[in-house]
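With the working numbering as the guide, the letters of the sequence shown map in order to residues 11 to 246. Glycine included, C-beta positions come from ideal geometry on N, C-alpha and C. Worksheet: the structure to be examined is printed underneath.
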Amino acid sequence: MTAAIDVTDLRKQYGNVQALDGLSLTVPEGSFFGLLGPNGAGKTTFINILVGLVRKTGGDAQVFGYDVETDYREARDAIGLAPQEFNVDRFFPIKEVLEHKAGYHGIPTAEARERADDVLKRVGIYEKRDTRFDWLSGGMKRRFMLARALITEPDLLILDEPTAGVDVQLRRDLWKLITELNDNGTTILLTTHYIEEAERLCDEVAILDSGRVVDVASPEELMDRGADKITIQFRE
Ligand code: ATP
Numbered sequence: 011m012t013a014a015i016d017v018t019d020l021r022k023q024y025g026n027v028q029a030l031d032g033l034s035l036t037v038p039e040g041s042f043f044g045l046l047g048p049n050g051a052g053k054t055t056f057i058n059i060l061v062g063l064v065r066k067t068g069g070d071a072q073v074f075g076y077d078v079e080t081d082y083r084e085a086r087d088a089i090g091l092a093p094q095e096f097n098v099d100r101f102f103p104i105k106e107v108l109e110h111k112a113g114y115h116g117i118p119t120a121e122a123r124e125r126a127d128d129v130l131k132r133v134g135i136y137e138k139r140d141t142r143f144d145w146l147s148g149g150m151k152r153r154f155m156l157a158r159a160l161i162t163e164p165d166l167l168i169l170d171e172p173t174a175g176v177d178v179q180l181r182r183d184l185w186k187l188i189t190e191l192n193d194n195g196t197t198i199l200l201t202t203h204y205i206e207e208a209e210r211l212c213d214e215v216a217i218l219d220s221g222r223v224v225d226v227a228s229p230e231e232l233m234d235r236g237a238d239k240i241t242i243q244f245r246e
């Protein structure tokens, strides 16, 4: 089976900073995969290389067998990303933002409209469809970022700390939604600082530190190996 993500000896240098230092990782298709690591471990850099926002300095990175640089379009079309930062067009009604994104990915107008309605309903902000992004509450902005990631019906959904700083209700809603997506075959890559979250959701977890994978295991195995110490470190 083709891996959803297959990365070998990935390197990224920003000036003097070695953000990724020989990262190797395979994320099986259909899995719910967690990426844990302290601040600065390289999680966001890794994700940004997968989606073509950052150029690697060395190594190989493939998404469903497509090289993220030479087969950029195919690799990018397979990925839905809900990033940590809100990098959204703030001045248009959110429904239009979704339709534009769908159009950019070659989805015909009528279908784009249907998909936009559908994803806004799924994330629970359909009634806000004519509101611009800036006017949404913080929680609604999070929901919208997920809707935007889902508009292209991606085979791989990447969520960069989706539950950081959100209230209990939203966290539960997000967990339910992404679990359902995974049950229906979508591969999920989730970065988090909370091992409890990884334990609840993920089949497998990789621990990143200083730009490398230092451990890959089930969340239960990590807990048994004393990953609660890591959790304490992450919570600070
Ligand atoms: P966090 O959990 O805080 O989001 P992270 O694991 O996502 O951290 P990255 O954001 O990938 O880590 O950062 C990895 C390293 O690369 C850090 O030392 C960071 O300061 C550095 N870095 C990231 N982006 C840049 C940039 N554009 N220019 C210079 N250094 C950068």
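If residue i sits next to residue j, beta carbons under 8 Å apart, how far is it from one beta carbon to the other, in whole angstroms?
i: G90; j: T162; result: 6 Å
i: L167; j: L191; result: 6 Å
i: G134; j: D193; result: 19 Å between Cβ atoms; not a contact.
i: R21; j: G68; result: 4 Å
i: G40; j: T197; result: 6 Å
Within the continuous alpha helix (DSSP H) that includes residue i, where are the two ends?
i: E206; result: I205 to L211
i: G69; result: It is not in any alpha helix (DSSP H) - G69 instead sits in the beta strand (DSSP E) that spans G68 to V73.
i: E230; result: P229 to D234
i: L60; result: K53 to L60
Using beta-carbon positions only, say whether residue i and residue j come within less than 8 Å of one another.
i: L169; j: A92; result: yes
i: A71; j: P38; result: no
i: L187; j: R132; result: yes
i: G75; j: T12; result: yes
i: M155; j: K138; result: no
i: Q94; j: E171; result: yes
Output the boundary residues of the beta strand (DSSP E) element that contains residue i.
i: Q23; result: I15 to Y24
i: I117; result: No beta strand (DSSP E) contains I117, which DSSP labels as neither H nor E.
i: E214; result: E214 to D219
i: L146; result: Counting along the chain, L146 falls outside any beta strand (DSSP E), and DSSP gives it neither H nor E.
List in chain order the residues whose CB is within less than 5 Å of at least one heavy atom of the ligand ATP.
Selection output, chain order preserved: Y24, V27, A29, N49, G50, A51, G52, K53, T54 and T55.
Closer than 8 Å is the cut-off here; do at least three beta carbon pairs connect the stretch 39 to 50 with the stretch 202 to 218?
By the C-beta criterion, the stretch 39 to 50 is judged to be in contact with the stretch 202 to 218, since at least 3 inter-stretch pairs fall below 8 Å.
Are the stretch 133 to 148 and the stretch 103 to 112 touching by the rule of at least three beta carbon pairs closer than 8 Å?
The answer is yes - the stretch 103 to 112 touches the stretch 133 to 148, with three or more Cβ pairs under 8 Å.
Are the stretch 25 to 40 and the stretch 79 to 88 touching by the rule of at least three beta carbon pairs closer than 8 Å?
The answer is no - the stretch 79 to 88 does not touch the stretch 25 to 40, with fewer than three Cβ pairs under 8 Å.
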